[in-house]
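These protein sequence lines are chains A and B, in that order. Note that the numbering used here gives residue 107 to position 107 of the first sequence, counting from 1, and the numbers run on in steps of one. Just so we're on the same page, the numbering used here is the position in the second sequence counted from 1, plus 526. These notes are about the structure you will find just below.
There are 2 protein chains.
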Amino acid sequence: MAARFNKPGHKIVDHYTYVILGDGCNMEGVASEAVSLAGHLKLGKLIALYDSNHISIDGSTDLAFTEDVGKRYEAYGWHVLHVPDGDTNLEAIAQALAEAKAVVDKPSLLVITTTIGYGSPKKAGSEKVHGAPLGGDEVTATRQNLNWAYDPFVVPEDALAHFRKAIARGAEAETAWNATFAGYQAAYPAEAAEFERVMAGRLPENWEAALQPVTEMEKSTRLLSEACLNALAGVLPEFLGGSADLAHSNMTFLKGLPEFQASSYEGRNFRFGVREHGMGAILNGMALHGGLLPYGATFLVFADYMKAAIRLSALSQVGVIYVMTHDSIVLGEDGPTHQPIETIASLRATPDVLVNRPADAKETVAAYAVAIAERKRPSVLCFTRQGVKNLPGTSVAGAKQGGYVVVPAENPDLILIATGSELELATKAAAILTEEGKAVRVVSMPCWELFEDQPAAYREEVLPASCRKRVAVEAGTTFGWHKYVGSEGAVIGIDRFGASAPGPICYEKFGFTVDNVVATARQVLG
Amino acid sequence: MAARFNKPGHKIVDHYTYVILGDGCNMEGVASEAVSLAGHLKLGKLIALYDSNHISIDGSTDLAFTEDVGKRYEAYGWHVLHVPDGDTNLEAIAQALAEAKAVVDKPSLLVITTTIGYGSPKKAGSEKVHGAPLGGDEVTATRQNLNWAYDPFVVPEDALAHFRKAIARGAEAETAWNATFAGYQAAYPAEAAEFERVMAGRLPENWEAALQPVTEMEKSTRLLSEACLNALAGVLPEFLGGSADLAHSNMTFLKGLPEFQASSYEGRNFRFGVREHGMGAILNGMALHGGLLPYGATFLVFADYMKAAIRLSALSQVGVIYVMTHDSIVLGEDGPTHQPIETIASLRATPDVLVNRPADAKETVAAYAVAIAERKRPSVLCFTRQGVKNLPGTSVAGAKQGGYVVVPAENPDLILIATGSELELATKAAAILTEEGKAVRVVSMPCWELFEDQPAAYREEVLPASCRKRVAVEAGTTFGWHKYVGSEGAVIGIDRFGASAPGPICYEKFGFTVDNVVATARQVLG
């Protein structure tokens, strides 16, 4: 933000990011990933205060955590400071913060040695105060020990006065920043308006038009995704992101734009390294900061590594965009470790996540249009490795409703429901069955959540209760699909781990063929 | 294994564990977790060979990974060695391995600097050889460059002779070990038989009887789980494990047994630290080693952190046991970040994972009995924080079938299906509806996968197709349940994130009451 907006003599972005973390945080792998990348990027404005009390829930850190954390952070390229008496020495902490700020080319870790439950005679320094209250007697003993003479909920006057100093200090800081911004506005009115726009999370007029040319294309949805990303990058300067070391597979590079590196913070192409969970956490932080519209990418199956971050996107109500390619067994040779089976189902089961699996160019455009416009729910966009046809019946407007009729049939005998690459199979199967005299409707259902957002009348129109003969086709687990196919329907999916073989062979051997869709439909029709 | 079986003068367990890893591995958080714990545990027999070629899929590690890996490992307490010329200097690698073995109280990392695609004139040292073949011309150029005069698939005589030396060397080692073991057998026949038993993965006679007393108990299923774990520990010396810093919440401590620490490798209580993904990976390694039957524990919602490891348990066909407590919103105050919603569904969607959510003591015993006996599929056992009743209709034998009738009704008007803590609600609702003259059957379905393993006739007997009025109750997402309730049924679940409040209040506010089950059933009955 500073690299983009600040001008000589006008520093409107100039703040620090503080992290407060404990022993448990330093044991979690996601922290290692983020910390390593922060060191690489020389994030001098990142300051972490490590409350090192040597206690986690089970007891002393001697049980499981005896590494030298400071040395580890130094190995990551951080500036490390120690405050040995963090219980009482506020001056030492303030001094360390000043030293941290003085080092501008490295993030800083303050290892602050503290006592958990400081002041409690019986429980200080023990896991007993980690998650449970002290209890009445120990509260009394702690008050005595700390010479705290006040009754519960009494705030002493001098403490109140001290805290209230923050009001004036905050007002001053705000006034100063407002003056800075006013100067910026006068000198750079367009940039100031843009700054206000992105900080408010408003999209520019007519941004969606940039996606229009993509609707005509015909290639794999990951390449269509690349076209969308690059089209959006042109009209949304706040749009930025990257891949967890799979840029050339995920097709996520914003062409002609610099990388985000220590020497180029204006860059918009992020290199997250092989750090999926860290990437997800960083995307959440960027989105919560404001002024940025971030995306991150990896293979769909590796959503597992960062599921906790995707869940937090949803819980935190931020519209992070997850670009997930290689979305089925058709990725082929990499085999079962890389082939998603349950991945899409487990993301659909998660509240407030838009899981979108477009079938072609028009639906890919719709997926991005929704993901960009939706700023409260994260989107997981699932793209193929293999090429797909741009199908006649699809539409941007239809796909935006999550589910819609692609091949119409009044009073259908059968409804075929499909997503992504399987929509083509469904339309071909429908053509064969129609020739046999059946009234077969095809419904594309790229995003269940958007479909469920629609009024009941619309959903009934697309999937009328009167037609119970239904077949769903998706190259993933059948889990969850019975909601739409009901008791009399069938699901063509894959409920076992995949196999290593060329993609088209996997596809055929696991039953994703027009013939199998037709045969299953005939069975359901009875 | 060495601490358990070796005797003075009889070293039957005496091998090293080697890891080969690359730059990408060192970026992943799971490696940080495992490496930190290995350092803490002073695993002197663990030797990691780090193929440091400074290339990952996207290009040079300069893009995203510039930390000092060796220094980081030293911070974890590892012994770190450098081999600067790993392309050709085999003697230096052998020498480093010897040095690694000489340090017995630390795991060793050999940082071996190499060139990816060594020998290829145009592609050596570049990401172009990471995942793609060299191509015909470059293969020819590489052969020339390396003075490799042989045709494709020709193995030169001297290379063959060199490799074949391994046959004699291996035979010698085997003969030596067999002699050692014969001596052990003569001196310690019982221990030798026990060693052979655990290495073959055979369970002792009558082990399941140890669980019998638990069937009479009445408390939270996490406490019932504790009783099972401790009962099993008494009869299965190979059974061991621990928690990711939640031993007192997960109730997983094996009482009276020592901890597994650097000073007590005979211990069976593991302290994994706040390292869920690392824990899962370590459990897989232990299970694949053989001779051990490992379990690991955390809160159910944190399955997200180690989902990739659970998936690998299934793919690797190892019966790792995941003990997951606090299995619903009823955990209460910790709130939405700790309350599983989609967790059970996403594990059920994963192939070859037994997800078991027992309702009471008998079903908890069944869950453990199956998890122990099943050595090819991992089990995820889901336990309550809150107390549960030991219900009259439940049985160990029934629960082992995954789904079974708990409250019978011939030709039922309605079937209520429930798992875990909600089974009590279902039985109470059934009693009320029965009084109203309805024939209501209650089916307990603790483990879908075991139910699906049963013959079709049994499944039809439990859930007859003729009865389409069905209501499922589970304190988690409704996702997936339509498979069993069909088009005319209903699911009582929770399809949003939870809330922070005392457990019973969460339970009631989200509709998990007998009244709501009865009302929903009446609606379904029409």
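All C-beta atoms, glycine included, are put in the ideal place defined by N, C-alpha and C. What you are looking at is a predicted structure, and each value in this text was computed from that prediction instead of being measured.
Is DSSP giving B:V881 helix, strand or coil here? Counting from one through the second sequence, the residue named residue 881 of chain B turns up at place 355. DSSP places B:V881 in strand when its eight states are reduced to three.
Under 8 Å by Cβ, that's how I've got A:G278 and A:E33 pegged, so tell me the actual separation to the nearest angstrom. Here residue 278 of chain A is taken as the residue at index 278 of the first sequence, counted from 1. Here residue 33 of chain A is taken as the residue at index 33 of the first sequence, counted from 1. Correct: roughly 3 Å between the Cβ atoms.
Hey, quick one: how far does the beta strand (DSSP E) through A:S444 stretch, first residue to last? For the purposes of this step, residue 444 of chain A is taken as residue 444 along the first sequence, with counting starting at 1. Per DSSP, A:S444 belongs to the beta strand (DSSP E) from V440 to S444.
Pairing CB atoms from the stretch 140-151 of chain A with CB atoms from the stretch 119-127 of chain A, are three or more of them under 8 Å? yes
Quick check: A:G273 and A:A244, are their CB atoms within less than 8 Å of each other? For the purposes of this step, residue 273 of chain A is taken as residue 273 along the first sequence, with counting starting at 1. For the purposes of this step, residue 244 of chain A is taken as residue 244 along the first sequence, with counting starting at 1. For A:G273 and A:A244, yes; Cβs fall inside 8 Å.
Residue of B:G550, B:R883 and B:S947 minimising C-alpha distance to B:P912: Numbered from its first residue, the second sequence carries residue 912 of chain B at position 386. Checking the displayed sequence, the identity of residue 912 of chain B turns out to be Gln instead of Pro. Taking only the C-alpha atoms, the option nearest B:Q912 is B:S947.
Does A:A266 come out as helix, strand or coil in the three-state DSSP assignment? One-based indexing of the first sequence puts residue 266 of chain A at position 266. Inspection of the sequence shows that residue 266 of chain A is occupied by Glu rather than by Ala. A:E266 falls in the coil class under three-state DSSP.
From the beta carbon of A:E33, is the nearest beta carbon of chain B less than 8 Å away? Start at 1 with the first residue of the first sequence, and residue 33 of chain A comes out as number 33. With 8 Å as the cut-off, A:E33 counts as an interface residue toward chain B.
Using a cut-off of 9 Å between C-beta atoms, extract the partners of B:L841 located in chain A. Here residue 841 of chain B corresponds to residue number 315 of the second sequence, with the count starting at 1. Near B:L841 (Cβ distances below 9 Å), the residues of chain A are P336, T337 and F497.
Cβ-based neighbour list, B:A956, same chain, cut-off 6 Å, excluding 5 preceding and 5 following: On the second sequence, position 430 is the one that residue 956 of chain B refers to. Cβ within range, chain order: V933, L942, V966 and V968.
Can you list the residues of chain A that B:K1009 reaches, using a CB-CB cut of under 7 Å? As a first step, residue 1009 of chain B is located in the second sequence; it is residue number 483 there, counting from the start. H482, listed in chain order.
Please classify A:F65 as buried or exposed, where buried requires at least 16 other C-beta atoms within 10 Å of its C-beta. Residue mapping note: residue 65 of chain A aligns to position 65 of the first sequence, counting from 1. When all chains shown are included, A:F65 counts as buried.
Identify which residue in A:F153, A:T215, A:G526 and A:A173 has its Cα closest to the Cα of A:S395. On the first sequence, position 395 is the one that residue 395 of chain A refers to. Of the candidates A:F153, A:T215, A:G526 and A:A173, the one whose C-alpha sits nearest the C-alpha of A:S395 is A:T215.
Candidates A:G135, A:K106 and A:N230: which alpha carbon is nearest A:P213's? Locating residue 213 of chain A in the first sequence gives position 213, counting from the first residue. Measuring from the Cα of A:P213, the nearest candidate turns out to be A:N230.
When the distance is taken between beta carbons, is A:P294 closer than 8 Å to A:V320? Taking the first sequence and counting its residues from 1, the one referred to as residue 320 of chain A is at position 320. Taking the first sequence and counting its residues from 1, the one referred to as residue 294 of chain A is at position 294. Result yes, Cβ atoms of A:V320 and A:P294 sit closer than 8 Å.
Roughly how many angstroms lie between the CA atoms of B:Y602 and B:V561, to the nearest whole one? Within the second sequence, the letter at position 76 stands for residue 602 of chain B. Within the second sequence, the letter at position 35 stands for residue 561 of chain B. Cα to Cα, the separation comes out at about 7 Å.
Output, in sequence order along the chain, the residues in the stretch 553-585 of chain B whose CB is closer than 8 Å to any CB in chain A. M553, E554, G555, V556, A557, S558, E559, S562, L563, G565, H566, S582, I583 and D584
Tell me, which residues are paired with A:H79 by DSSP? In the first sequence, residue 79 of chain A corresponds to position 79, counting from 1. In DSSP, A:H79 forms a bridge with A:S108.
C-beta neighbour in chain A for B:V800, strict 8 Å: Here residue 800 of chain B refers to the residue found at position 274 when the second sequence is read from its first residue. Taking Cβ atoms only, chain A reaches closer than 8 Å to B:V800, which makes this a yes.
Residue range of the beta strand (DSSP E) that B:F825 falls in? Numbered from its first residue, the second sequence carries residue 825 of chain B at position 299. Residues L819 to F825.
For chain B, find out if any of its Cβ atoms is closer than 8 Å to the Cβ of A:E74; answer yes or no. Residue 74 of chain A sits at position 74 when you count from the first residue of the first sequence. True, the Cβ-Cβ gap to chain B drops below 8 Å.
Tell me which same chain residues have a C-beta within less than 8 Å of the C-beta of B:L567, skipping the five on either side of it? Taking the second sequence and counting its residues from 1, one reaches residue 567 of chain B at position 41. Closer than 8 Å at Cβ, skipping near neighbours: F786, Q787 and A788.
Quick check on this structure: which residue in B:R530, B:F977 and B:Y1033 has the alpha carbon closest to the alpha carbon of B:E1010? Residue mapping note: residue 1010 of chain B aligns to position 484 of the second sequence, counting from 1. For the record, residue 1010 of chain B in the displayed sequence is Tyr; it is not Glu. It is B:F977.
C-beta atoms of A:T61 and A:G86 nearer than 8 Å: The residue given as residue 61 of chain A occupies position 61 in the first sequence. The residue given as residue 86 of chain A occupies position 86 in the first sequence. Not in contact: A:T61 and A:G86 (Cβ atoms no closer than 8 Å).
Unbroken alpha helix (DSSP H) run spanning B:M805, endpoints: The residue you call residue 805 of chain B lines up with position 279 of the second sequence. Its alpha helix (DSSP H) spans residues E802 to H815.
Quick check: B:V637 and B:Y576, are their CB atoms within less than 8 Å of each other? To locate residue 637 of chain B, count along the second sequence from 1; it is residue 111. To locate residue 576 of chain B, count along the second sequence from 1; it is residue 50. Yes, the Cβ-Cβ distance between B:V637 and B:Y576 is below 8 Å.
So, with DSSP's three-state summary, where would you put B:G963? Numbered from its first residue, the second sequence carries residue 963 of chain B at position 437. Coil, per DSSP.
Where the stretch 1033-1045 of chain B meets chain A: residues whose CB sits under 8 Å from a CB there: none
Considering only residues of the same chain and omitting the five flanking positions on each side of B:F707, which have a CB-CB separation below 6 Å? The residue labelled residue 707 of chain B in the question sits at position 181 within the second sequence. Cβ neighbours of B:F707 beyond the five flanking positions: I538.
Can you pull the chain B residues whose beta carbon is under 8 Å from the beta carbon of A:T66, in chain order? As a working note, residue 66 of chain A is residue 66 in the first sequence. The contacting residues are G565, H566 and G603.
Just to confirm the assignment: which complete alpha helix (DSSP H) runs, minimum length 4, are found wholly within the stretch 343-409 of chain A? 343-348, 361-373 and 396-400
Please tell me whether, using a cut-off of 7 Å, the distance from the CB of A:Y73 to the nearest non-hydrogen atom of the ligand ADP is below it. The model on display carries no ligand, and the ligand ADP is accordingly not part of it.
So if DSSP puts B:S586 in a beta bridge, which residue, or which two residues, is it bridged to? For the purposes of this step, residue 586 of chain B is taken as the residue at position 60 of the second sequence. The partner list for B:S586 (beta bridge, DSSP) reads B:I581.
Buried or exposed: where does B:G1024 fall if 16 or more other Cβ atoms within 10 Å of its Cβ makes it buried? Counted from its first residue, the second sequence places residue 1024 of chain B at position 498. By the neighbour-count rule (16 or more Cβ atoms within 10 Å), B:G1024 is buried.
Distance, Cα to Cα, B:G1019 vs B:V1044? Translated into positions along the second sequence, residue 1019 of chain B becomes position 493. Translated into positions along the second sequence, residue 1044 of chain B becomes position 518. B:G1019 and B:V1044: Cα-Cα distance of roughly 14 Å.
Same chain only: Cβ atoms within 8 Å of A:A314, ignoring 5 sequence neighbours per side: Start at 1 with the first residue of the first sequence, and residue 314 of chain A comes out as number 314. Within the same chain, A:A314 has close Cβ partners T350, P351, D352, V353, R377 and P378.
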